[in-house]
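Presented below is the structure to which this report refers.
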Ligand code: 0O2
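Numbering (my numbering), first residue to last: 3 to 265.
Quick look at the structure:
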């Protein structure tokens, strides 16, 4: 019975990871930082059946999270962007949403849940399954993972003094998320320039590699040494200038080899 849910989880994780990949290859900031998924464990299904007084025959209609996907974001501002991405897709039909960020649970739990209907194809044909997508920040995820383990340890009866500590931690996470948001532009700038540097270095190395077709080894060694020097300085301006010069040198060699092809 859980097989179609397993397929749904694997497909959904792949689709969200691909969104991340597309952003990365285009050098655009992605609101998705990490994606995970799971099919609800049998033990967890049995626990929930007891807790909610649900018969085995009804679990597919009563439980929304047999298939669960979790999307972790860096900033709170990324969450509505991810939710909007889901709403706009025609392969995921949003049936309802639970906003535990504006309406924090008594436990202190914060997260945004999007419940979708999703069609999978098995050898028996198409089947629409329900899946729960939890969208949250790294901070929210940290808190809920710890709280979840404590719920398990204390069998849903977390002692009052531990609850109080958890509540303080939940407040601290709200503060952390908002502090992170306040330096969001700077963090994004830093991440962008890191990506630009990676791309630039990749392009330079490709140009040097291509030089092996046209130039002699002594010249390439010299260029390589120059590159190491510039790279060590971590100066983006110099790296850009080096890239430009190398591009010109490379074009020169190419033109030369076309006029005087090697025999
Ligand atoms: P697990 O082990 O993660 O699968 P309801 O709408 O109340 O009828 P349900 O399914 O309880 O039905 O909905 P809810 O409250 O939105 O919870 C769905 C899931 O959100 C939970 O699944 C948890 O993963 C997470 N969640 C909700 N509340 C809390 C909380 O207080 N603490 C933590 N850590 N997670 C929470 P399960 O089946 O409870 O657990």
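For each residue, glycine too, the CB sits at the ideal point set by N, CA and C. Everything numeric in this text was worked out from a predicted model, so none of it was measured.
Next on the checklist: Counting C-beta neighbours from all protein chains within 10 Å, is the total for residue 158 16 or more, i.e. buried, or is it exposed?
Outcome noted: By one-based count along the chain shown, residue 158 stands at place 156. Exposed, since its Cβ has fewer than 16 Cβ neighbours within 10 Å.
Next on the checklist: Quick check on the DSSP output: what are the complete beta strand (DSSP E) runs of length 3 or more inside the segment 16 to 101, in order along the chain?
Outcome noted: 36 to 41, 69 to 75 and 95 to 101
Checklist entry - Taking three-plus beta-carbon pairs below 8 Å as touching, is the segment 26 to 33 in contact with the segment 53 to 66? => result no
Next on the checklist: Considering only heavy atoms of the ligand 0O2, does any lie closer than 7 Å to the CB of residue 105?
Outcome noted: One-based indexing of the chain shown puts residue 105 at position 103. The answer is no for residue 105.
Item to check | Unbroken alpha helix (DSSP H) run spanning residue 141, endpoints | outcome: Counting from 1 along the chain shown, the entry for residue 141 is found at position 139. First-last of the alpha helix (DSSP H) with residue 141: 140 to 155.
Next on the checklist: Let me check understanding here. Comparing Cα to Cα, which of 155, 216 and 53 lies closest to residue 260?
Outcome noted: Translated into positions along the chain shown, residue 260 becomes position 258. Considering only 155, 216 and 53, the residue with the shortest C-alpha distance to residue 260 is 216.
Next on the checklist: Let me confirm a value: residue 76 is counted as buried when at least 16 other C-beta atoms fall within 10 Å, else exposed. Which label applies?
Outcome noted: Translated into positions along the chain shown, residue 76 becomes position 74. Classification for residue 76: buried.
Item to check | Sub-8 Å separation of residue 112 and residue 142 beta-carbons | outcome: As a first step, residue 112 must be located in the chain shown, where it is residue number 110. As a first step, residue 142 must be located in the chain shown, where it is residue number 140. Contact flag set, yes.
Next on the checklist: So if I measure from each beta-carbon to every heavy atom of the ligand 0O2 and keep distances below 6 Å, which residues remain?
Outcome noted: Qualifying residues, in the order they occur: 42, 46, 50, 66, 67, 100, 107, 109, 111, 115, 146, 149 and 150.
Checklist entry - CA-CA distance, residue 228 and residue 252? => result For the purposes of this step, residue 228 is taken as residue 226 along the chain shown, with counting starting at 1. For the purposes of this step, residue 252 is taken as residue 250 along the chain shown, with counting starting at 1. About 15 Å.
Item to check | Rounded C-alpha distance that separates residue 41 from residue 62 | outcome: As a first step, residue 41 must be located in the chain shown, where it is residue number 39. As a first step, residue 62 must be located in the chain shown, where it is residue number 60. Using only the alpha carbons, I get a separation of about 13 Å.
Checklist entry - Along the chain, where does the beta strand (DSSP E) that runs through residue 115 open and close? => result The count along the chain shown starts at 1 and reaches residue 115 at position 113. 114 to 124 is the span of the beta strand (DSSP E), which, as asked, contains residue 115.
Item to check | Three-state secondary structure (DSSP) of residue 258 | outcome: As a first step, residue 258 must be located in the chain shown, where it is residue number 256. Residue state, collapsed to three classes: helix.
Checklist entry - Mapping DSSP to helix, strand and coil, what is residue 224? => result Start at 1 with the first residue of the chain shown, and residue 224 comes out as number 222. Here residue 224 sits in helix by DSSP.
Next on the checklist: For residue 2 and residue 134, I'd like the C-alpha separation in whole angstroms.
Outcome noted: Residue 2 lies beyond the stretch modelled for the chain, which goes from 3 to 265, so this question has no answer here.
Checklist entry - If we ignore side chains and look at the alpha-carbon of each, how far apart do residue 180 and residue 129 end up? => result In the chain shown, the residue the question calls residue 180 occupies position 178. In the chain shown, the residue the question calls residue 129 occupies position 127. Each residue's alpha carbon lies about 41 Å from the other.
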